[in-house]
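Colleague:
Residue numbers (our numbering), protein chains in the order written: chain A, 1 to 304; chain B, 1001 to 1426.
1. Give the residues of chain A in contact with residue 1107 of chain B, contact being defined as C-beta atoms less than 8 Å apart.
2. What does the Cβ neighbour count give for residue 244 of chain A, buried or exposed, with the cut at 16 atoms within 10 Å?
3. May I ask you to report which of helix, strand or coil DSSP gives residue 1269 of chain B?
4. Are the C-beta of residue 1272 of chain B and some C-beta of chain A separated by less than 8 Å?
5. Thinking C-alpha only, which one of B:1317, B:1125, B:1227 and B:1242 is nearest residue 1300 of chain B?
6. Within 8 Å (strictly less), CB to CB, does residue 14 of chain A reach chain B?
7. Using DSSP's beta-bridge definition, name the partner residues of residue 1289 of chain B.
8. What runs of the alpha helix (DSSP H), each 4 residues or longer, lie entirely inside the segment 63-99 of chain A?
9. State buried or exposed for residue 1201 of chain B, treating a residue as buried only when at least 16 other CB atoms are found within 10 Å of its CB.
10. How about residue 1068 of chain B: is its C-beta nearer than 8 Å to some C-beta of chain A?
11. Mind reading off the beta-carbon distance from residue 156 of chain A to residue 1249 of chain B? Whole number of angstroms is fine, and I expect it under 8 Å.
12. Heavy atom of the ligand NAD less than 7 Å from the Cβ of residue 1358 of chain B, yes or no?
13. One question on the structure: do residue 53 of chain A and residue 45 of chain A come within less than 8 Å of each other, judged by their Cβ atoms?
14. Below 7 Å on C-beta distance, what does residue 1249 of chain B contact in chain A?
15. Just list the residues that DSSP pairs residue 1093 of chain B with in beta bridges.
16. Tell me whether the segment 1283-1292 of chain B and the segment 1360-1374 of chain B touch, counting them as touching only if at least three CB pairs, one residue from each stretch, are closer than 8 Å.
17. Given that a residue counts as buried once 16 or more other Cβ atoms are within 10 Å of its Cβ, and exposed if not, what is residue 304 of chain A?
18. Residue 1108 of chain B bridges to which residues according to DSSP?
19. Can you list, in chain order, the residues of its chain whose CB lies under 7 Å from that of residue 132 of chain A, leaving out five sequence neighbours each side?
20. Just curious, the alpha helix (DSSP H) that residue 295 of chain A is in, first and last residue?
21. What are the residues that DSSP puts in a beta bridge with residue 1139 of chain B?
22. Can you say whether residue 246 of chain A is buried or exposed, counting buried as having 16 or more other CB atoms within 10 angstroms of its CB?
23. How far does the beta strand (DSSP E) with residue 163 of chain A in it extend, from its first residue to its last?
24. By the 10 Å Cβ neighbour count, where 16 or more other Cβ atoms means buried, how is residue 295 of chain A classified, buried or exposed?
25. For residue 1072 of chain B, would you say it is in contact with chain E, using Cβ-to-Cβ distances shorter than 8 Å as the test?
26. Once you ignore the five residues that flank residue 1402 of chain B on each side, which residues in its own chain have a CB closer than 7 Å to its CB?
27. Is the shortest distance between the beta-carbon of residue 140 of chain A and the beta-carbons of chain B less than 8 Å?
28. Using a Cβ-Cβ cutoff of 7 Å, what residues of the segment 245-264 of chain A are near chain B? List them in chain order.
29. Quick check on the burial criterion: 16 or more other C-beta atoms within 10 angstroms. Buried or exposed for residue 1423 of chain B?
30. Among the candidates A:92, A:206 and A:11, whose CA atom is the shortest distance from the CA of residue 187 of chain A?
31. State the Cα-Cα distance for the pair residue 1025 of chain B and residue 1212 of chain B, rounded to the nearest angstrom.
32. First and last residue of the beta strand (DSSP E) that includes residue 49 of chain A?
33. Any C-beta of chain B sitting closer than 8 Å to the C-beta of residue 270 of chain A?
34. Quick check on residue 291 of chain A: buried or exposed, where buried means 16 or more other Cβ atoms within 10 Å of its Cβ?
35. Using a Cβ-Cβ distance cut-off of 8 Å, determine whether residue 1171 of chain B contacts chain A.
36. Any idea what DSSP makes of residue 1349 of chain B, helix, strand or coil?
So, in structure tokens, the structure goes:
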């Protein structure tokens, strides 16, 4: 009897909690859950947005196998994710290490280095990126100054264009950096002090204390950035003007999905593409999680 | 305990209240004096359209028009979504490329009843300007202006190369090629690849001259690859001679100010006539307009008058009568067109056009003159673009780059366009 009342009480506690977050819940249901369920339904239909969806079973998924651009966009996305994510993490980690010394102006620097993450998807950056990497852009002008004269249009050449996007991604290291920084601050000072007493040099301290201690943060950042990398859209969209130019060399998966769904009135196929992406990201994340036990260091586990 | 339950109930109710109120507000909003108007545009067009709306509201006290505007690509995302949600505006700017698809899905209203009722006056408009907006004898859109494809060139550069003029009505692609080479040899100024934004517009003109058309009932509308091949062969010959701007540079999407014609890197650019204003503004030096060259043994006219900037009333419009009234004002009123200054293209009613040609600035005068030249050298417009045309255009642009970057041979590229075209448009 007593148990029942306490269960009742906890139910009421839960209810008041839900009441307080209900504005967010409503938004989540209306703008996330419902569209997600609809897109799952659409992925088994032929739907041109203007008309009504008609069920066509697995036809959309079968179509992908023979769709050249589907494979092209997969290739581009995998390349982009596998190059840009490590690059961004390395960069973020490096800058976080620099900031971890705690000089006075550190907060200002943190803010400044976070700016690229905020503006990276803006039209202004797209224009700037074009200006930097055009045939007569800033990069070639700088190269000419040091004696390398070239008129390569980095952004217009199919073999170099994706690198301009990767560079843009590496440049937006702000959020990973802040998380790394928070992680670095968590490492107990005593460990370094003890190591100093034992005569460890800075490199030894880095490889034996910093890196193992920070692995949970690396793990978190890796998973988050992998997801970001596979779903990249805005940067590719603004830099190529939505086309994936040149020659589809910057046609990332999400951009292709968008073209299909909204440019070619092919919402059913677009939804199917979206679900395949969910599957791919799920598998990638799963693989990272599976391997995590071999390289991620958890204090609680070790202490047992 | 009881007090808490009451508190929770009150809280939940309060939180749901705004939603209920919103829903009510949304349903009560429709009355016969308000309407929504949507268009895609640029800052100049937006400003002038707002002014047109103000003029209409001043003439019709109590009427209020809500406006929505975005750039071209965002516009269609927005309208498609609104179409799916059944919340389209009362009057929307429409395009020839999408009209047929919208009509086939019953998204647009037939305007004929409003013409019959006398709300829309078509008495001053020549039928040839209206046929573009008609499907199966029903009128689905009225154009705010006429457009034609053209080529703009820098006469000063030609003169420097020893060429005094272009006879635009009779010149051929052989003339074009000779001029391009001569200009390059004498001045070093190159030629831009043809229609980098949408290469189909370029070869479409040549295919039309053979008497065929790019789109057929199913698949592509031509079987002889000769015209398509020639379109690329000319460019490849210029490329090999060093006279063509490298495709790696030319196909990067840029603003008019960053464009090759504005920077003087090319003597020629291929545009639609209503883009002449912005091209000219970006170039900041006098430019001329000409018809596209003729092919050898042309059987038909390649150029056509394209109704630009249709305005259509969606079938789901809540206040179509008011929309029709505004549309009539927008198209026929001389005062409002005096203010719009042909920004959306050359006006279609005879009296408005006659009035405007006396008023326009020299640059718009060039466009007006070009449209009258084009109307004498134009063939009938092809049927509206079929479903799948968006994908077709993208494929054409990709293969064009592959050909010009020499990733595929000329013949393989042309064959690819034709076979892939048949697959996409089937």
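We put the beta carbon where it would ideally sit given N, CA and C, even for glycine.
Modeller: By the coordinates alone:
1. 50
2. buried
3. strand
4. no
5. B:1227
6. no
7. B:1152
8. 68-99
9. buried
10. no
11. 5 Å
12. Annotation note on the ligand NAD: not contained in the displayed structure, which lists no ligands.
13. yes
14. 135, 153 and 156
15. B:1311
16. yes
17. Its pLDDT being 38, under 50, residue 304 of chain A is placed unreliably in this model, and the value from its coordinates should be taken loosely. Residue 304 of chain A is exposed by the Cβ-count criterion.
18. B:1314
19. 138 and 139
20. 267-295
21. B:1134
22. buried
23. Counting along the chain, residue 163 of chain A falls outside any beta strand (DSSP E), though it belongs to the alpha helix (DSSP H) covering 161-171.
24. exposed
25. Reference to chain E is not applicable here, since the protein chains of this structure are A and B.
26. 1408 and 1413
27. no
28. 245, 246, 247, 248, 262, 263 and 264
29. exposed
30. A:206
31. No answer about residue 1025 of chain B holds up, because its pLDDT of 49 lies below 50 and its placement is not dependable.
32. Unbroken run through residue 49 of chain A: none, as it is neither H nor E.
33. no
34. exposed
35. no
36. strand
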